[in-house]
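Protein chains in written order, with the numbering used here: chain A, -10 to 487; chain B, 43 to 221. For every residue, glycine included, the Cβ atom is placed at its ideal position computed from N, Cα and C. Here the structure is a predicted model, which is why all the values come from computation and not from measurement. Here's the structure we're looking at; comments come further down.
Below is the structure:
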């Protein structure tokens, strides 16, 4: 506005100009005074007067920094000579204490862990033109202005904090809505399992793994109604300490999923990871009326068998097995006490050949002795074989099983055959699937007299609504042994991980 | 009337086919190496200098980076180091080694950790310098950086007997040219 006014004043003629100049004079003087110190500096920076004390302080600081650089270089050299972890990088008196944010979040495949820069800790020495120790690689000197994030501080922090066990928790859950045509059943919303999957690296060789599941109880198991169906309980589904010696030998102790077939160890208590809304008949959990010893309390050894491109693996297990009174008992898994001295054994072998990505084929043999009430002892042998092809956008699962129960002292043998096949294909976020399953337990079976014959198709679709949320809609048609009617079941499920 | 319905149906079908073809083309499109806006650089697989392993085959490397192998021959546990999703180096690994999408890789590790098949999830680091320094500090670590980010603090592995600057080396990272 002043400029426009000045222009207008200029247009008015010389008498007015002198008045304007008089008005501007104080402003010009003020401007000159204001800029005087700046101009003095600009004229000759080398002529700036610095007081002696400041100069001394700066020189002293340079000396300190030079000493620090020498110390760090010596540490790097020593570490390189040792060829191992740089112990000399342990925090010194001059080291800034690590803040909580500087300690990286423990490993997570799903979250990034930005590294906090901390210039007070050592950085690897980088010398231009040297190539010692590298396999024929060119070297590069990093630009001086690059910010070097210090990994070592985090690693050191993880190693030095003895009280930190790097506990990690991931959760899985599902909510369902569904109904069936079985007499007495109602259409209901139901809470699925809330699964807290907890792992911890105790040390480089030892690892802890557990699944704590909050779940409701089933309303009935094979026609036997249960009370308190709306109560929620807590189950410790897996509880394992693992020692990992190398790829060829790992040993675990605790409560685990028995390595029978494929499904039981590929899918645990998370519906989100599964394509379908639930597990096949054969692999139902014990407390849902399943016929297999899904869980075992004992020890397990596993690893790779040197076999080149064939990719052979083994699993050998010994444990308490399952209680013979199920499904009547509340807890069929023998967590604390075995009903007899005979231990259950399981041996599984499977191959993951390199030639066909995603293919796995194998078999397992399980042996236990059961002692049902009012019945002779029963020798149980479970033979299982599987061929599965699992790729990111396609899966085809096939498993066949024979459960063989023989009564001691009698010539009676009960064979229970079962199988399922499941195929699915991903189309963008949609994954339609089809499963056919079959299990046939004899009416006179001494262990599971109420299971009977069940077979039929399941048809469904899974929609991945987001990266960690899946919606599923499934229809099951289940034939039963006459005169029981077939059952139609519709289920909607939202499964998620968090 | 019937002819009109057929015509509309035909148009709909054609639109659907066109959309599918366009989608396939968009998915399958790979940057032209002669594209002036993209430069190509080798991606080096790096390990700690104390690691006795000097070379791996592509299939061994894949197994390691998938977590199917969790120990080095000396028994030390393998620690995988990766870049953040979206980084060119990670895209290169997904395309050339994993042959998976980002989501599939995440699912793979999540599933593997859940079943116990994978012992430790990968470390995700934000910068190449971070990867290099982590590998320098952790004896069992393996990671990947651009060849230009390699220095003598780490060891570069041969993949299928080839070093990153050898002809025929497979792992190549495409880098956008910054203007």
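- As the crow flies, the alpha-carbon of residue 367/A is around 32 Å from that of residue 239/A.
- Judged by DSSP secondary structure, residue 174/B falls within the alpha helix (DSSP H) whose first and last residues are 170 to 179.
- Judged by beta-carbon spacing, residue 422/A lies within the 7 Å limit of residue 264/A, meaning their Cβ atoms are closer than that value.
- Residue pairing by DSSP places residue 412/A opposite 385/A and 423/A in a beta bridge.
- Within the stretch 227 to 250 of chain A, those residues whose Cβ lies closer than 9 Å to any Cβ of chain B are, in chain order, 227, 229, 231, 233, 234, 235, 236, 237, 239, 241, 245 and 246.
- With a minimum length of 3 residues, the unbroken runs of beta strand (DSSP E) contained wholly in the stretch 455 to 480 of chain A fall at 458 to 469.
- For the stretch 128 to 157 of chain B, the residues whose beta carbon sits under 9 Å from a beta carbon of chain A are, in order, 141, 142, 143, 145, 146, 147, 148, 149, 150, 151, 152, 153, 154, 155, 156 and 157.
- Excluding residues up to 5 positions away in sequence, 109, 112 and 119 lie with their Cβ nearer than 8 Å to the Cβ of residue 161/B in the same chain.
- Our two residues, residue 205/B and residue 212/B, have alpha carbons roughly 10 Å apart in a direct line.
- Under the 7 Å criterion on CB atoms, residue 119/B is classed as interfacial with respect to chain A.
- Counting only runs of 4+ residues, the alpha helix (DSSP H) found wholly inside the stretch 123 to 205 of chain B occupies 130 to 135, 144 to 157 and 170 to 179, in chain order.
- In the three-state DSSP reduction, residue 265/A falls in the coil class, being neither helix nor strand.
- By a beta-carbon distance limit of 8 Å, residue 164/A contacts residue 483/A. Their separation comes to about 5 Å.
- With the criterion set as a beta carbon lying under 7 Å from some beta carbon of chain B, the members of the stretch 447 to 462 of chain A are 456, in sequence order.
- At least one C-beta of chain B is nearer than 7 Å to the C-beta of residue 343/A.
- Between residue 385/A and residue 377/A, the alpha-carbon positions lie close to 6 Å from each other.
- Its chain contains 381, 382 and 383 as the residues whose beta carbon lies nearer than 8 Å to that of residue 415/A, once the 5 sequence neighbours on both sides are disregarded; these appear in chain order.
- Residue pairing from DSSP places residue 369/A in a beta bridge opposite 357/A and 394/A.
- Listed in chain order, the positions of the stretch 160 to 182 of chain B with a beta carbon within less than 7 Å of a beta carbon of chain A are 161, 162, 163, 164, 165, 166, 167, 168, 169, 171, 172, 175, 176, 178, 179, 180 and 181.
- By the criterion of a C-beta distance shorter than 8 Å, residue 88/B is surrounded in its chain by 173, 174, 177, 184, 185, 186, 187, 192, 196, 197, 198 and 199, once the five residues flanking it on both sides are discounted.
- Its Cα nearest to that of residue 311/A, the residue 276/A stands out among 467/A, 295/A and 276/A.
- By the CB criterion at 7 Å, residue 183/A and residue 162/A fall inside the cutoff.
- Note: residue 246/A is bridge-paired with 284/A in the DSSP secondary-structure output.
- Take residue 487/A, set aside five residues on each side of it, and the residues of its chain with a beta-carbon closer than 6 Å to its own are 160, in chain order.
- Under the Cβ distance rule, residue 111/B counts among the residues neighbouring chain A, one pair being separated by less than 7 Å.
- For residue 313/A and residue 369/A, the gap between their C-alpha atoms comes out near 10 Å.
- The beta-bridge partner set that DSSP reports for residue 293/A consists of 302/A.
- Taking 7 Å as the threshold, the shortest C-beta distance from residue 101/B to chain A falls below it.
- The C-beta of residue 198/A comes closer than 7 Å to at least one C-beta of chain B.
- Comparing alpha-carbon positions, the option among 274/A, 221/A and 445/A lying closest to residue 227/A turns out to be 274/A.
- DSSP places residue 174/A in the coil class of the three-state scheme, outside both helix and strand.
- Residues 293, 340, 341, 342 and 343 of the same chain have their beta carbon placed closer than 8 Å to that of residue 300/A, with the five preceding and five following residues left out of the count.
- For residue 223/A, the secondary structure class from DSSP, reduced to helix, strand or coil, is strand.
- Across the stretch 176 to 205 of chain A, CB contacts with chain B closer than 8 Å involve 186, 188, 190, 193, 194, 196 and 198, in sequence order along the chain.
- In the structure shown, residue 253/A falls within a helical segment according to DSSP collapsed to helix, strand and coil.
- The shortest C-alpha to C-alpha distance from residue 190/A to any of 405/A, 355/A and 230/A is the one to 230/A.
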